[in-house]
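Below is one structure; the comments refer to it alone.
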Amino acid sequence: MISVDAVGVEFSGTTLFSNINFNINNEDKIALMGKNGAGKSTLLKIIAGKDNPTQGKISAPKDAVIAYLPQHLLINDDCTVFEEASKAFSEMQEMKRQLDELSLQLETRTDYESDAYSKIIEQVSDLSEKYYSVEEVNVDAEVEMTLLGLGFLRSDFTRPASEFSGGWRMRIELAKILLKKPDLILLDEPTNHLDIESVQWLEDFLKTSAKAVMVISHDRAFVDSLTNRTIELTGGRIYDYKTNYSHYLELRKERREQQQKQFDDQAKEIASIQQFIDRFKGTYSKTLQVQSRVKMLEKMEIVEVDEVDTSALNLKFPPAPRSGKYPVIVDQLAKNYGDHTVFKDVSLTIAQGEKVAFVGKNGEGKSTLIKAIMGEIEHEGNMQLGHNSLIGYFAQNQAALLDEKLSIFETIDEIAKGDMRTKVKDLLGAFMFSGDTIEKKVKVLSGGERTRLAMIKLLLQPVNLLILDEPTNHLDIKTKDILKDALKAFEGTLILVSHDRDFLDGLASKVFEFGNQRVKEHFEDINGFLRNKKIENLKEIERKVKV
Numbered sequence: 001m002i003s004v005d006a007v008g009v010e011f012s013g014t015t016l017f018s019n020i021n022f023n024i025n026n027e028d029k030i031a032l033m034g035k036n037g038a039g040k041s042t043l044l045k046i047i048a049g050k051d052n053p054t055q056g057k058i059s060a061p062k063d064a065v066i067a068y069l070p071q072h073l074l075i076n077d078d079c080t081v082f083e084e085a086s087k088a089f090s091e092m093q094e095m096k097r098q099l100d101e102l103s104l105q106l107e108t109r110t111d112y113e114s115d116a117y118s119k120i121i122e123q124v125s126d127l128s129e130k131y132y133s134v135e136e137v138n139v140d141a142e143v144e145m146t147l148l149g150l151g152f153l154r155s156d157f158t159r160p161a162s163e164f165s166g167g168w169r170m171r172i173e174l175a176k177i178l179l180k181k182p183d184l185i186l187l188d189e190p191t192n193h194l195d196i197e198s199v200q201w202l203e204d205f206l207k208t209s210a211k212a213v214m215v216i217s218h219d220r221a222f223v224d225s226l227t228n229r230t231i232e233l234t235g236g237r238i239y240d241y242k243t244n245y246s247h248y249l250e251l252r253k254e255r256r257e258q259q260q261k262q263f264d265d266q267a268k269e270i271a272s273i274q275q276f277i278d279r280f281k282g283t284y285s286k287t288l289q290v291q292s293r294v295k296m297l298e299k300m301e302i303v304e305v306d307e308v309d310t311s312a313l314n315l316k317f318p319p320a321p322r323s324g325k326y327p328v329i330v331d332q333l334a335k336n337y338g339d340h341t342v343f344k345d346v347s348l349t350i351a352q353g354e355k356v357a358f359v360g361k362n363g364e365g366k367s368t369l370i371k372a373i374m375g376e377i378e379h380e381g382n383m384q385l386g387h388n389s390l391i392g393y394f395a396q397n398q399a400a401l402l403d404e405k406l407s408i409f410e411t412i413d414e415i416a417k418g419d420m421r422t423k424v425k426d427l428l429g430a431f432m433f434s435g436d437t438i439e440k441k442v443k444v445l446s447g448g449e450r451t452r453l454a455m456i457k458l459l460l461q462p463v464n465l466l467i468l469d470e471p472t473n474h475l476d477i478k479t480k481d482i483l484k485d486a487l488k489a490f491e492g493t494l495i496l497v498s499h500d501r502d503f504l505d506g507l508a509s510k511v512f513e514f515g516n517q518r519v520k521e522h523f524e525d526i527n528g529f530l531r532n533k534k535i536e537n538l539k540e541i542e543r544k545v546k547v
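Numbering (UniProt numbering) for the sequence shown: 1 to 547.
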């Protein structure tokens with residue numbers, strides 16, 4: 001059991017949270033929730049031992065292993081992917097090396113009666129007890145299974161880790177954490193860079209093979225399926241619910257309603273007491289009663305109502321100009337990079353007003369096909385845009401493409417045209433940028449703020465073909481819900497690349513699956529696709545067993 005005991009954090013005299021107490025038990029799967037800025041990532045770093053609290057402490061058994069995956073990670077190493085992942089077993093491998101070295105000394109030395117020889121025997125005994133108490137594992141098999149589960153190909157194993165993007169490097173670090181089989185895994189937004197299949201694999205692994213887990217995530221389906229406990233960090237304190245995220249929302253609503261009723265009742269009582277004091281303050285015969293009521297007010301513990309995040313994103317896409325019947329027509333499309341074929345023989349048609357999802361493992365061509373639609377890359381076959389197709393495009397790295405030297409206001413003001421120039425502040429306000437915050441430089445913005453700012457740029461001109469490549473990375477659950485509602489109401493055609501099942505649910509009515517150099521059309525929503533996908537995988541496994 002790991003204990004968080006009276007932990008508090010202060011920054012420049014401001015209290016982020018104080019007197020936080022809870023225990024993490026074996027097999028707990030905890031969602032750490034709270035609005036942006038509440039201190040979730042800070043608390044996770046403290047439990048991981050990466051940061052120190054201003055007050056309080058973390059208590060854990062001496063041999064407890066706590067593994068931590070931060071939200072942003074850089075691995076600068078020339079090891080191959082397989083070698084880097086194998087470092088998860090470095091402690092065990094180092095023990096084996098020391099044992100071999102000490103055993104060799106015992107074989108070659110002849111000073112059997114010396115204190116030095118006795119000390120070596122003692123070291124071998126202690127080290128052997130520790131080494132052989134560790135469950136014997138096939139290191140190569142474990143590393144291979146985990147890397148494949150996280151979406152790597154066998155051909156990736158021998159590539160230098162430095163060749164991979166930040167998201168893929170994060171998967172390598174995640175593999176190392178999973179391979180250590182720690183007592184507690186701490187994950188800060190682990191699904192941001194994972195495709196749907198890898199998220200499912202991670203979810204299953206954590207549920208069936210991990211011990212205790214604490215996760216910060218904006219992926220509602222992921223936390224709902226994984227967690228059995230929700231800790232909410234709000235107003236500098238915590239509330240602990242022994243349930244998953246969706247049920248926690250219901251209980252939190254009931255709690256706040258109860259608090260509000262208690263607050264209102266107490267406010268009426270205070271007003272009544274104060275009215276008596278004001279009325280009889282100078283009346284001699286009522287002096288004792290007045291003094292009694294004054295003391296009553298002084299001793300009264302004021303009921304507090306938990307803060308509610310009242311900021312609300314007001315998101316509505318401009319009316320979509322009329323387009324042709326088929327905005328996108330693809331015929332026998334193929335794309336190769338040298339000897340590597342991304343996809344071939346791709347033929348598909350997307351009708352006006354359709355909302356479709358592109359899904360599949362990373363590297364199978366989803367973003368490549370979008371670049372072909374955008375005319376950004378050369379390709380074989382035919383790509384045709386329908387009559388009057390006006391494209392609005394949100395790239396996967398759109399937020400990173402913003403000019404960091406500009407302020408929030410300058411970023412939008414420089415591209416606003418005509419009447420929109422007089423409405424820039426209103427538009428920023430609708431996206432929760434108001435007051436002095438609009439003067440903040442892009443370089444100091446969080447990932448979620450950058451994504452919102454990039455989304456504003458997309459809204460500055462009316463479009464009828466909206467292409468969004470992973471738009472929900474770094475967005476909190478509330479903002480994602482608002483974006484989802486706006487996309488449902490969007491009158492044009494939508495192509496959506498996303499690994500977020502909850503976001504896709506009820507939004508995309510058709511799924512295009514990318515894999516094995518092909519694109520397969522599924523005439524069903526994401527839930528139907530995932531159900532059928534699991535059945536197909538089981539059949540494939542059965543076929544392999546029969547062979």
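Heads up, the beta-carbon is just placed ideally off N, CA and C, and yes, glycines get one too.
Range of the contiguous beta strand (DSSP E) that encloses residue i
| i | result |
| --- | --- |
| I66 | I66 to L69 |
| R229 | R229 to T234 |
| M432 | Unbroken run through M432: none, as it is neither H nor E. |
| N382 | E380 to L385 |
For residue i, the three-state DSSP class (helix, strand or coil)
| i | result |
| --- | --- |
| L297 | helix |
| T310 | Low confidence applies to T310: its pLDDT is 48, below 50, so where it sits in the model is not reliable enough to give any reading. |
| M1 | coil |
| E524 | coil |
| I51 | In the sequence as presented, Ile is not what sits at residue 51; that position holds Asp. Of the three classes helix, strand and coil, the one that applies to D51 here is coil, per DSSP. |
| L184 | strand |
| L406 | coil |
| E540 | Confidence in E540 is poor, its pLDDT being 41 and thus under 50, which makes the residue's placement unreliable; the coordinate value appears in the next sentence. In this structure, E540 counts as helix in the three-state DSSP scheme. |
| T472 | coil |
| A372 | helix |
| E27 | coil |
| E10 | strand |
| S125 | helix |
| Q275 | helix |
| V424 | helix |
| L99 | helix |
| I302 | coil |
| Y248 | helix |
| M145 | helix |
| S18 | strand |
Per-residue burial, residue i [other beta carbons within 10 Å of its own, 16 or more giving buried]
| i | result |
| --- | --- |
| Y241 | buried |
| M1 | exposed |
| residue 549 | Here the chain covers residues 1 to 547 and nothing more, so residue 549 does not appear. |
| Y248 | buried |
| T15 | exposed |
| I121 | exposed |
| D111 | exposed |
| T310 | Because the pLDDT of T310 is 48, which lies under 50, any placement of that residue in the model is unreliable, and the number read from its coordinates should be weighed accordingly. Classification of T310: exposed, given that the 10 Å Cβ count is below 16. |
| R154 | exposed |
| A116 | exposed |
CB of residue i within 9 Å of CB of residue j, strictly
| i | j | result |
| --- | --- | --- |
| A176 | K96 | One point to set straight first is that residue 176 is Lys, not Ala, in the sequence displayed. In this structure, K96 does not lie closer than 9 Å to K176 by Cβ. |
| A372 | L401 | no |
| A508 | K405 | no |
| N197 | S217 | Correcting the residue identity first, residue 197 is Glu in this sequence and not Asn. Going by C-beta atoms, E197 is not nearer than 9 Å to S217. |
| A212 | D5 | no |
| N464 | G447 | no |
| L178 | T146 | yes |
| P471 | L453 | no |
| G149 | F222 | no |
| K40 | V7 | no |
| V199 | D219 | yes |
| V305 | R256 | yes |
Terminal residues of the alpha helix (DSSP H) in which residue i lies
| i | result |
| --- | --- |
| D224 | R220 to L226 |
| Q332 | Segment V328 to Y337 is the beta strand (DSSP E) holding Q332; no alpha helix (DSSP H) there. |
| T208 | I196 to T208 |
| G363 | That residue, G363, is in no alpha helix (DSSP H); it is neither H nor E in DSSP. |
| L487 | I477 to A489 |
| S86 | V81 to S86 |
| D502 | R501 to L504 |
Residue-chain proximity (residue i, chain E), Cβ-Cβ < 9 Å
| i | result |
| --- | --- |
| E491 | Of the protein chains in this structure there is only one, and it is not chain E. |
Given 8 Å, three or more beta-carbon pairs between the stretch 486–500 and the stretch 342–349: Not touching, per the Cβ criterion.
- Query: Taking one C-beta from the stretch 353–360 and one from the stretch 286–306 each time, how about it: are there three or more such pairs within less than 8 Å?
  - Reply: The stretch 353–360 vs the stretch 286–306: no contact.
**Prompt:** Within the chosen definition, does the stretch 246–264 reach the stretch 52–67 through at least 3 CB pairs nearer than 8 Å?
**Reply:** The stretch 246–264, when compared against the stretch 52–67, does not touch it at the 8 Å Cβ threshold.
Review point. Three or more C-beta pairs closer than 8 Å, one from the stretch 472–479 and one from the stretch 334–344: is that the case here?
Key: No, they do not touch.
Requested in this report: Please confirm if the stretch 256–267 is in contact with the stretch 277–285, defined as three or more CB-CB distances below 8 Å between the two stretches.
Outcome: No: fewer than three Cβ pairs fall under 8 Å.
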